[in-house]
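Heads up, the sequence shown is in the UniProt record's numbering, so the first residue is 1 and it goes up one at a time. By construction, the Cβ of each residue, glycine as well, lies at the ideal position given by its N, Cα and C atoms. Here is the structure we will look at, set down as structure tokens.
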Amino acid sequence: MPSDRLSVVVTRRLPAAVETRMTELFDVRLRDDDTPMTRDELIVAMQQTDILVPTIGDHIDAGMLGQAGPRLKLIANYGAGFDHIDVSTARQRGILVSNTPGVLTDDTADMTMALILAVTRRIPEGLAMVQSGDWEGWSPTALLGARVGGKRLGILGMGRIGQAVARRARAFGMQIHYHNRHRLRAEVEEAHEATYWESLDQMVARMDVISINCPHTPSTFHLMNARRLKLLKPEAVIVNTSRGEVIDENALTRGLRAGEIAGAGLDVYEQGHDMNPRLREMPNVVLLPHMGSATREGRLEMGEKVLINIKTFADGHRPPDQVVPSML
């Protein structure tokens with residue numbers, strides 16, 4: 001398919017450099033503002049274009065794909081996650097799906113460590129005290145947090161990001177433990193000095209910090225459910241920079257309010273931006289607006305991956321970051 005005849009619709013505003021390059025290469029329809037497209041707007045876009053470039057906020061289900069036009073041949077997602085797209089239905093309809101893996105690994109791992117430190121060292125509480133003018137000077141017993149050195153970190157999902165978190169945590173003197181769908185090779189475990197737990201229940205019951213770094217799939221939905229959250233030690237904290245659906249958010253809120261969990265650091269939420277309002281009321285909870293991957297460098301690299309996937313497809317080849325069944 002010649003690229004000069006290729007039609008592309010972008011659903012959200014992207015970095016200016018990425019939009020400029022897309023305009024140079026393809027027949028592109030860009031978004032005038034940064035508001036998400038409605039469901040109807042997405043359907044119309046899929047009826048009128050060869051390639052759709054959505055983001056994590058664009059939920060593309062089987063019903064929408066059923067109304068897509070015959071021209072739509074590629075959904076080039078701007079982001080590593082693809083659980084917001086019904087990939088199986090897309091494949092059935094002959095629509096390829098690509099993503100942007102790898103470029104956000106370090107950024108997300110950095111934010112994971114930032115949340116671990118923010119929760120355990122009570123950084124937001126100290127910041128609020130200074131900004132409100134309530135700080136009256138140093139005190140031997142004020143805002144006592146927990147030292148992370150020597151603590152056990154349990155990583156749920158030891159892929160690229162999980163391993164990047166492990167490298168950073170080891171530098172802080174933490175002990176690395178992990179649960180994964182498949183055990184890592186012995187040399188990888190040795191490199192991270194990581195202990196594998198086949199039983200997630202047994203791991204979470206013994207950890208000081210839990211880091212969620214697995215994708216959202218049918219098998220990981222509410223993987224940290226009410227029963228499993230109750231296994232955590234009362235002094236344990238949980239951090240999630242992956243997908244909100246992995247944790248039962250209401251059960252987590254109840255556990256935090258009851259003092260059964262010491263704290264939480266969340267960058268993602270089960271219902272998107274519509275989080276449980278009680279989470280905002282607790283001083284031992286650090287809440288971020290899904291900014292784990294929000295670096296200028298990361299966003300540009302995501303755009304470059306999208307461009308490569310589209311250009312490769314336009315040249316008659318499979319996109320290098322095509323989502324395949326083994327990834328689902």
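- In the three-state reduction of the DSSP assignment, Val239 falls in the strand class, which pools E and B.
- Sequence-distant partners of Val323 (beyond 5 residues in either direction) whose C-beta falls short of 7 Å from its own C-beta, in its chain, are Phe82, Val87, Val97, Ser98 and Asn99.
- Counting only runs that start and end inside the stretch 110-136, the alpha helix (DSSP H) elements of at least 4 residues fall at 123-132.
- DSSP places Ala264 in the strand class (E or B) of the three-state scheme.
- Contact between the stretch 253-261 and the stretch 272-281 is established, with three or more Cβ pairs separated by less than 8 Å.
- The Cβ-Cβ distance between Asp248 and Asn225 falls below 7 Å.
- As computed with DSSP, Gln67 is found in no beta bridge at all.
- Proximity to Glu190 across Glu198, Ser199, His177 and Arg181 peaks at His177, based on C-alpha coordinates.
- Contact fails between the stretch 164-175 and the stretch 122-138, because fewer than three Cβ pairs, one in each stretch, are under 8 Å apart.
- Between Val239 and Gly263, the CB-CB gap reaches or exceeds 7 Å.
- Within the DSSP bridge table, the entry for Val286 names Gly265 as partners.
- The DSSP-derived three-state label of Ile56 is coil.
- With fewer than 16 other CB atoms across the displayed protein chains lying within 10 angstroms of its CB, Met291 is exposed.
- Here Ile155 carries a strand assignment [DSSP, helix/strand/coil].
- Within the same chain, and ignoring the five residues on either side of Glu19 in sequence, the residues whose Cβ sits closer than 6 Å to its Cβ are Leu30.
- A buried status is given to Val209, since no fewer than 16 other beta-carbon atoms sit within 10 Å of its beta-carbon.
- Looking at the DSSP output, Asp27 sits in a beta bridge with Ser7.
- Ala186 has no beta-bridge partner at all, per DSSP.
- Per DSSP, Val87 is one residue of the alpha helix (DSSP H) stretching across Val87 to Gln92.
- When the alpha-carbon of Val9 is set against those of Ala128, Leu307, Gly316 and Arg181, the nearest one is in Leu307.
- Checking the DSSP bridge columns, you'll see His177 partnered with Gly154 and Thr195.
- Ile212: member of the beta strand (DSSP E) spanning Val209 to Ile212, first to last residue.
- Nearest Cα to Pro283 within the set Pro15, Ala128 and Arg12: Ala128.
- Beta-bridge analysis with DSSP links Ile247 to Met224.
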